[in-house]
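Those letters in the sequence shown? Residues 265 to 395, by the numbering used here.
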Amino acid sequence: MRKQKKQQTLNVRISKAIWNLCNRKKKKLEVTKEWKEQLKNKIIDSICNRCKYCKKPITVGSFSIDHNIALSRNGTNELDNLDIIDLDCNLFKGNLTGKEFSKLVEFLKPFPEMEKILRTRLKMSGFVYNE
Ligand SMILES: [Zn+2]
């Protein structure tokens, strides 16, 4: 019974996340049923795995769909450009590429307090990287 409820919560959260991805900024994304199914499976597979950036476990409550290369920097919605990472990192990453964000996370490792402050500040300001 409990497990069933958990499964329902997961399905609802996955549907919402995919819906949000397809309906951002009034620009509706046309996707195939197959793409949706594959993305759904990608999310399910990533639950309980660790976030590739902060290494925290990804949970039903914390997963998010991230564009490795942001749409604002000519990234696509192809499945291989979509990573499942924890929401905290997604908000911190902004439109940095996965490569840039990895470097930032690595750079900040010796300074955990600074990282905490930066994460909070960048999230609050809606940090966007512009070339
Ligand atoms: Zn993370």
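We treat Cβ as the ideally placed atom computed from N, Cα and C, and that holds for glycine.
Placement of the Cβ of K320 at a distance of less than 7 angstroms from at least one heavy atom of ligand 1 is found. For D350, the shortest C-beta to heavy atom distance toward ligand 1 is below 7 angstroms. Non-local C-beta neighbours of C353 in its own chain, meaning closer than 6 angstroms and more than five positions away in sequence, comprise C315, Y317, C318, ordered along the chain. Within the stretch 291-366, the beta strand (DSSP E) runs of at least 3 residues that lie entirely inside it are, in chain order, 327-331, 346-350.
The Cβ-Cβ distance between K306 and L360 does not fall below 8 angstroms.
Ligand 1 approaches C315 closely enough that one of its heavy atoms is under 7 angstroms from the residue's Cβ.
In the displayed model, F375 falls within coil according to three-state DSSP, outside both helix and strand. Taking each of S366, S326, M388 in turn and checking the Cα distance to A281, the smallest one comes out for S326. Per DSSP, reduced to three states, the secondary structure at N287 is coil, with no helix or strand assignment.
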